[in-house]
Amino acid sequence: MVGPAGAEVEMESWVDLGARGHPKPLRITVAEALAGGVEAQWVEILGFVRETVSDRDWWRVMMTSPTGDFVGLLNLPVDFMAKSGSLVRVRGGCETVRGPGSAIEAVQLRVPFLHNFGVEAEAPVDLFALPLRSVASLERLSVLNEMIRVRIQATVVHAGEHRRMVAQQDEAEIELFTRENQAVELGSRIEAVGILGREGPLVVLRDALFRSEKTLVEPTPVRLDPDADLDTRWNMRLGETDGRLISRVRSSDQVRLTLQRGEKIFAAILSGDSVARRNREAPEVGSKLSVTGVLRVNYDHLRRARGFKLQMRRVTDVKIMRAPSWITGHGAMRVVGALATLVVLGGVGLLASRRQVRRQTAQIRDQLGRQGALEAELERDKRARVIGALAGGIAHDFNNLLTGVVGNLSLLEANSQVMALAGDSVSEASAASAKARQLTAQLVTLSRGGAPVKRTIALLPWLEGIVKEVVPDGWQVLASMPVNPIELEVDPAQLGSAVQTLVGHFAEHPRATGVVELKVAGSWVGGGGRC
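Sequential numbering from 9 applies to the sequence shown in the working numbering.
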């Protein structure tokens, strides 16, 4: 058998213990199976039958659920056919199919007996006779996590690759996954029936069937302002914005334009066969563009909006509002070429003019070089600010988690009975929490651009505490107290890390004596009255 990590086990012997009934199945969804952890367990999944395929004595029943597709494998020597569209409850041994890097790509259930297929609801005679629902109502309906089909009417605003399309009804949008090869024009009003499900935070229709009403009326794009706060309600909405083109990446079937407006940078992507036919018409870097497409919001691991991209639909979704300035690298080289041609035509008598042209060319190149260096420095500064903001967010979230941990540890330390039973464990957890707070402080320092986060400390007691944390058990730490205690304004996280690293290397030295002696003395430096 194949285990979760893809290892193979060869059976050498077995013992028949008699007939036993199957245990109570674990009811799961396809999304839970794709997450791992249920490999080789007896499970139960609900799904709608798409088709049944015969492979010698094996029957493969293809099914779709709200969170993804799965396959039921049934070993029967007789003909078997599950009615397409029926809702069935399948019980079997869970098996995952892994791809490169051991990532789970598909889920299948090995079904031992025919009675492990239970029909919950027969397929409707006419799918398009189901009640008509509004797109806006599907968000609330999907929260119930029911296995239902729904029928909607909406206008197609994007027909992308992988048989996906985005449709809009009034102020609500939905993405449809279909297996039909039927072409659909942008702006077509369609009637669609599909399985209600979710794809991350979005409501989708899986295994959708649709028919077009041939009414070509495209909705008006909303005006997007990247400088304002991102409104996540516009996710999957047809939108329009503008910006300056700062980079362009082309391939045989895709053009990716990176634009900047104010402080915000976003991408506009165009895919499809039309890109290959008109690849040479991509705008030049530096142009001011107006772009139209379906807005796709980018989320972080906490499902917070962190930016967006536009999925354009056709070449005409890109409009050049203003061409780039001729003062670019290509423009400068054209000027240099023209001047060089004039010098050659001028002959020997124009040597002085040639020297002047060379000086001007050097000035232009020097200016372009400085401009490139400044742009590179600006880009590095922007990246540093982004990394700093990310570090600050992580530190804030991590510090909130630590507050709960430290508070509960304090309650445990105040309980004498708990400390009598697990005092060492609680103390070690408190020490680890303190080190985690130091890590949070370092992240805060990074978020502020590396500037120290200072506070006033009594130097010798503080040094004695951090040294005792890193020296081996049984070592002595001797501190010589000065006549006048010294207090300094320092960053404890940075200074503590440096001291602990130094003492740790000393403790690992083969000639270490087991004694660390700390001496602190102060002197006035710089003539400014600072210690």
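Every residue, glycine too, gets a C-beta built ideally from N, C-alpha and C.
Under the three-state reduction of DSSP output, R378 falls in the helix class. Measuring C-alpha to C-alpha distances from F88 to each of T75, A515, D77, R68 identifies R68 as the nearest. With a cut-off of 8 Å on Cβ pairs, the stretch 198 to 217 is not in contact with the stretch 272 to 279, counting fewer than three such pairs. The stretch 240 to 274 is shown to contain no whole alpha helix (DSSP H) run of 4 or more residues. Excluding sequence positions up to five before and after F514, its CB lies within less than 7 Å of the CB of A520, all in the same chain and listed in chain order. Fewer than three Cβ pairs drawn from the stretch 180 to 187 and the stretch 109 to 129 lie within less than 8 Å of each other, which leaves the two stretches out of contact. Shown here, E193 sits in coil according to DSSP, grouped into three states, outside any helix or strand. V413 is a Cβ neighbour of S441, given a cutoff of 7 Å. Assignment of beta-bridge partners to W67 by DSSP yields S62, L82. Residue pairing of L318 in beta bridges, as defined by DSSP: A276, L303. Contact between D325 and V299 holds, since their C-beta atoms are separated by about 6 Å, short of 8 Å. Comparing alpha-carbon positions, the option among I156, Q161, A175 lying closest to A167 turns out to be A175.
Residue pairing by DSSP places M173 opposite A167, L184 in a beta bridge. For M19, the three-state secondary structure derived from DSSP is coil. With contacts defined by Cβ atoms closer than 7 Å, L267 and V211 do not form a contacting pair.
As computed with DSSP, E207 is found in a beta bridge with L210. Under the Cβ criterion (8 Å, minimum of three pairs), the stretch 250 to 270 does not count as touching the stretch 214 to 230.
In the three-state reduction of the DSSP assignment, M329 falls in the strand class, which pools E and B.
Taking the Cβ atoms as the reference, R118 lies roughly 41 Å from Q161, outside the contact range of under 8 Å. When the five nearest sequence neighbours on each side are left out, the beta carbons in the same chain lying within less than 8 Å of the beta carbon of P500 are those of Q446, A449, R463, I465, W470, in order along the chain.
According to the DSSP secondary-structure assignment, I198 is paired through a beta bridge with A162, S220. Exposed is the label assigned to F121, since fewer than 16 other Cβ atoms lie within 10 Å of its Cβ.
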